[in-house]
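Q: Numbering (the working numbering), first residue to last: 435 to 1564.
The beta carbon of each residue, even a glycine, is placed where N, CA and C say it ideally should be.
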């Protein structure tokens, strides 16, 4: 080592870490001997090489930086790679960089916001590491590159994050996808697109919502609609109130920020929207309006409701103008349901004008029950606050003097309500406030809740009345007095005071805090410091008190070091006062990370066998400090009297120290102590060279410590260049290692390996005797690399393999598969639907709806599945499958099942007849000759009966009647009851569950034909009610003719359907419909009309609902008129 190098190291020795780096950087820019010294440093250890790297970066020595970019030590290599990225000298290195280095570079390039760098980098990443990693670089690229690559990478990109950088290209891409998608698919696209679209250009977002938005809702990123409303509130209102979205609007709370933007609309445009949201968000909308507009909008929103019986929510009353509020309160108090309830009378009386409210609440304030008095005081204060009149508030303040003789629950309730009066107080109330404060504090039963309310009131007065000395003086005094009541006062958020007020508050509280500290109680000091937050940093006297308290309690250290600006300097004082404070996390972390010049003092004072909770940034320490710390930890590790877990903790703490820590860990890899040996295995990956750990870890892949070794190997692999991984992991894949170890090797190779890694996995997949779980893991890995033909060879072979392999194939999600490969993968899903295993078939059909857009015409295949009575089918699966069946599928399914059902009906008749005669006759096709079925269906049914009869003649299950007849009812017990009919019922129920607006209308003609089949009228009518939007009620009534029981049920179904369509609950729509059904004069029409008319109760039976019910009471059918009379309009 040359003399200049020794001189430099000697100068750096006493400096803390950051000053050390600054000194090296300044030295490198001017020292003539820099090249020689740096060459000397490079031949040293990690500490010296790090100094050489800093010097190279400071002097822009690109050749030295490039050399360090290949350094075997990850910490040094990371710094050099970052410098190489910024200087543009990274070309050619990306191919074999470790995964950890690549991820760090991707993060760095995103932070640099250098599209030119990212555009060059992403091409290399695509070439060498594929689309998955290129997606991590895409947000940092320029707009043109994003437009070019987004269609290829969109299945891998976080679109919301990308849209924050590139909103326009993302919106353009979603426009293309939405325009090309079928309506049924757009809903799924919106799940992904909502946030990226709505956070982008508002005009574009509104256009996409209007053109392609979901019919029955809006995408769920509700925070964005306020932003859109700022641009065009009218268009946002139209989107929210579209007819198909009214049910969604009723159950969706609207944000106040959105309602404030919509409030700028004129009343004539706002009132229709207010009517739609009156049952949920009307109070928030009124609050967003200027007070002068609230009354008109409120009355107009309720114009079609008979308000004579309506009881609004309290929140609604709070925001009404005084005149409207008083009018409504008087109306509500006159209602019998309110008038007879004392609690309700008190509540609503508080909304009257203050004189009337005060008189009404007087009896409550003087009641014998403390609970009633507490409620009375709270309501009285609330009534005064609603006036927003300082004189009224002053009157109530004077009345609160009565609290002197009250119990604490009453006093606390009153004071808690009075906190909101801070804004309305005047200097004239100071005497009353002082009296109230004194009485509350001196009360024998004073509680924290009551004193806390006084503190909040005082803080509010300081905030609102800073320019009024009398009120400020009372507030500061109140804070002082409330602080003295409890040993740890609750001072609330004093950091929210106006700037400068914290000085005044501290000046008043200082004597009390100082006196408590002198007695050895520092809790008031800490409470005041916590309440002041960052403002405490600039109160020098407070800081001095905290420094003094350090000698008594270590808790003071946390508050005194809270200011990051002075933490580095102050930590030296803390250690000088009490070296034991080194155990505190904030002190230890500061010394380790920044004040490394104090580390020797800390290590000297460290007690034997003490293990710190963490070791932050040991690479910043001097080499001798590193060795000293490792020596201390080694003593703990080798101490036989120390518990094993503490020894293992010492080993893990030492592992992070460069060089010396790694050597200590490696010495204990083969320790006979299991705890130490496993701790050493796990700690290998936290050393300064985790890349060297992988061979040691993989050596345990087949042993008892495989669970520890493989867990650690997952991190070590990220530090290995991809080109080396196949050679390291292939012996595990093909050797005698445990199955779990081989599966982990598969995942690691697939995630971190080079582009050719799938060839290695294909060979492992084809290996004779390979475990099925390992093959399944290989299949799952292959799904991530569909751009490689070897992956397809694995997946296509697995589609015909074991159940585990097939399930791995079926685990793919279309959104995660590149668009160009989706048809090929969909073909595998379709093939799996014909697999010999029932469970695989069922799983494949469960996934098929996701892949339907890329699977061609599935009609015949889906109809066969739905009508196959040997396969289990539930309503959810049926609903998903039928969404993707082509036109006419339902008639086809009904024909097939009706034929089976006719055959089942023939057997039922045979069974019933034989039960009466004591035996079963052979079933014959002629039994359905007079069934009323169509010729084609009848032929199919006769064929089914012939086949069943053959089974009977052969002595099959139908040939043993005695064992089939149930003792109580003559039912064949060994077979399901009319399974074909049950399947038809299931199909119809599933059809009615399909999303509105997507494929429901085309089902109606087929359901009508079902209604014409014998025995299916009731089922078909259920479906017609659910599929319609009350636009087919005349047809339904006609089909109920002569079926009074069916008519009663249908009327109930129609009423339930109306409640599912809140957008249709409107007099303009329903009144003509009800009148028309009533005018029919028949029972079905009258019952349906009556079911619809019941919704008039929602409107308080105002017009036209009152007239509609009177017309039904005059209906010619007595069943209808009697039922109408049973409805009470009172």
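Where does residue 840 fall in DSSP's three states?
A: Correct three-state label for residue 840: coil.
Q: From residue 534 to residue 1038, what distance separates their C-alpha atoms?
A: Roughly 36 Å between the two C-alpha positions.
Q: For the alpha helix (DSSP H) containing residue 732, list its first residue and its last residue.
A: Element bounds for residue 732: 725-735.
Q: Can you tell me whether residue 751 is helix, strand or coil according to DSSP?
A: Residue 751 falls in the helix class under three-state DSSP.
Q: Below 7 Å CB to CB, which residues in the same chain sit around residue 667 once its five sequence neighbours on both sides are set aside?
A: The residues are 695, 696, 698, 699.
Q: Verify whether the separation of the beta carbon atoms of residue 499 and residue 517 is less than 8 Å.
A: For residue 499 and residue 517, yes; Cβs fall inside 8 Å.
Q: Comparing the CB of residue 519 with every heavy atom of the ligand FMN, is any distance shorter than 7 Å?
A: By its list of ligands, the structure shown contains no ligand whatsoever, and the ligand FMN lies outside what it can speak to.
Q: Taking residue 1275 as the reference, which of 611, 1267, 1282 has the closest Cα?
A: The residue with the shortest Cα to Cα distance from residue 1275 is 1267.
Q: State the start and end residues of the unbroken alpha helix (DSSP H) segment that holds residue 502.
A: Start and end: 496-502.
Q: To which residues of the same chain is residue 624 closer than 7 Å at the C-beta, ignoring the five residues directly before and after it?
A: Cβ neighbours of residue 624 beyond the five flanking positions: 648, 653.
Q: I want to know whether the region 1210-1229 touches the region 1180-1195 - three or more CB-CB distances under 8 Å.
A: Yes, they touch.
Q: If you drop the 5 nearest sequence neighbours on each side, which residues of the same chain put their C-beta closer than 7 Å to that of residue 968?
A: Taken in chain order, the residues that qualify are 929.
Q: Out of 1236, 1273, 1231, 1238, state which residue places its alpha-carbon closest to the alpha-carbon of residue 1259.
A: The shortest C-alpha separation from residue 1259 is found at 1231.
Q: From residue 1290 to residue 707, what distance separates their C-alpha atoms?
A: If I take the Cα positions, the gap works out to 44 Å.
Q: I'd like the list of long-range same chain contacts for residue 798, defined as Cβ closer than 6 Å, with 5 residues on each side in sequence excluded.
A: Within the same chain, residue 798 has close Cβ partners 780, 806, 810.
Q: Exposed or buried, residue 1111, counting other C-beta atoms within 10 Å across all chains shown (16 or more means buried)?
A: Its Cβ being crowded by 16 or more others within 10 Å, residue 1111 is buried.
Q: Would residue 1146 and residue 1131 qualify as a contact pair, given that the criterion is a beta-carbon distance under 8 Å?
A: Yes.
Q: What do you get for residue 435, buried or exposed, if any count of 16 or more other CB atoms within 10 angstroms of its CB means buried?
A: It counts as exposed.
Q: Let me know the secondary structure DSSP gives residue 1466 once reduced to three states.
A: Coil at residue 1466, not helix or strand.
Q: With distances taken Cα to Cα, identify the nearest neighbour of residue 820 among 855, 1466, 800.
A: Taking only the C-alpha atoms, the option nearest residue 820 is 855.
Q: Taking just the CA atoms, how far does residue 603 sit from residue 749?
A: Using only the alpha carbons, I get a separation of about 44 Å.
Q: For residue 1359, is the classification buried or exposed, using 16 other Cβ atoms within 10 angstroms of its Cβ as the cut-off for buried?
A: At residue 1359 the pLDDT is 44, less than 50, meaning the model places this residue with poor confidence and gives no usable figure here.
Q: Determine the closest residue to residue 927 out of 907, 955, 896, 957, with distance taken between C-alpha atoms.
A: Residue 896 is the option with its Cα nearest to residue 927.
Q: Measuring straight from C-alpha to C-alpha, what distance separates residue 743 and residue 646?
A: Their backbone Cα atoms lie some 42 Å apart in a straight line.
Q: Could you compute how far the alpha carbon of residue 1497 sits from the alpha carbon of residue 1292?
A: Using only the alpha carbons, I get a separation of about 35 Å.
Q: State whether the region 1065-1085 contacts the region 493-510, with contact taken as three or more CB pairs (one from each stretch) at a distance under 8 Å.
A: Too few Cβ pairs lie closer than 8 Å, so no.
Q: Is residue 659 helix, strand or coil when you go by DSSP?
A: If DSSP states are grouped into helix, strand and coil, residue 659 belongs with the helices.
Q: Taking residue 671 as part of the alpha helix (DSSP H), name the residues at either end of that continuous run.
A: From DSSP, the alpha helix (DSSP H) with residue 671 extends over 667-674.
Q: Looking at residue 687: is its Cβ nearer than 8 Å to the Cβ of residue 714?
A: Cβ distance < 8 Å, so residue 687 and residue 714 count as in contact.
Q: Shortest alpha-carbon distance to residue 889 belongs to which of 870, 468, 903, 913?
A: Among 870, 468, 903, 913, the Cα nearest to that of residue 889 belongs to 913.
Q: Can you give me the C-alpha to C-alpha distance between residue 1546 and residue 1515, rounded to a whole angstrom?
A: Their Cα atoms are separated by approximately 10 Å.
Q: Is the CB-CB distance between residue 733 and residue 760 below 8 Å?
A: It is not a contact, given that the beta carbons lie outside the stated cut-off.
Q: Looking at the unbroken alpha helix (DSSP H) that takes in residue 743, where does it start and where does it end?
A: Counting along the chain, residue 743 falls outside any alpha helix (DSSP H), and DSSP gives it neither H nor E.
Q: In angstroms, rounded to a whole number, what distance separates the CA positions of residue 1297 and residue 1327?
A: Spanning the two alpha carbons is a distance of roughly 6 Å.
Q: Thinking C-beta only, is residue 1444 closer than 8 Å to residue 1454?
A: A contact, by the Cβ cut-off of 8 Å.
Q: Is DSSP giving residue 446 helix, strand or coil here?
A: In this structure, residue 446 counts as helix in the three-state DSSP scheme.
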